[in-house]
Amino acid sequence: MDMRHITPRFFAAPQIDPADMPEIAKAGITLILCNRPDEEVPPSHQHTAIQAAAEAAGIKFAFSR
């Protein structure tokens with residue numbers, strides 16, 4: 433997982449995978465803001481799949497439409 437520190441409390445990353453959630457949670461991430469349009473990725477990586485995995489890991493999720 434390629435998470436880049438932007439500030440001490442803000443990271444940016446390329447497309448995440450639902451399977452990345454344990455690593456993301458372990459890193460202390462508490463909120464994911466998804467900016468990638470669903471049209472750019474397969475259904476397995478669209479915002480609903482990422483949101484379900486994030487919430488299952490206890491991470492809040494927001495989708496920028």
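FYI, the numbering for the sequence shown is 433 to 497, going by this note's numbering.
All C-beta atoms in this analysis are idealised placements derived from N, C-alpha and C, irrespective of residue type, glycine included.
Where residue i falls: helix, strand or coil (DSSP)
| i | result |
| --- | --- |
| A494 | strand |
| A457 | helix |
| D451 | Correcting the residue identity first, residue 451 is Ala in this sequence and not Asp. Three-state DSSP puts A451 in a helix. |
| A445 | coil |
Nearest-angstrom Cβ-Cβ length linking residue i and residue j, presumed shorter than 8 Å
| i | j | result |
| --- | --- | --- |
| D449 | H477 | 7 Å |
| Q401 | R468 | The structure shown does not extend to residue 401, since the chain is modelled only from 433 through 497, so no value can be given for it. |
Buried or exposed by the 16-neighbour rule on C-beta atoms within 10 Å, applied to residue i
| i | result |
| --- | --- |
| A486 | buried |
| I461 | buried |
| H479 | buried |
Under 7 Å between C-beta atoms of residue i and residue j
| i | j | result |
| --- | --- | --- |
| A424 | A457 | Since the first residue shown for the chain is 433 and the last is 497, residue 424 is missing from the structure and cannot be characterised. |
| F442 | C466 | no |
| I491 | I464 | yes |
For the region 462 to 489, which segments carrying the beta strand (DSSP E) assignment without a break, of at least 3 residues, lie completely within its bounds, in sequence order? Complete beta strand (DSSP E) runs here, min 3: 463 to 466.
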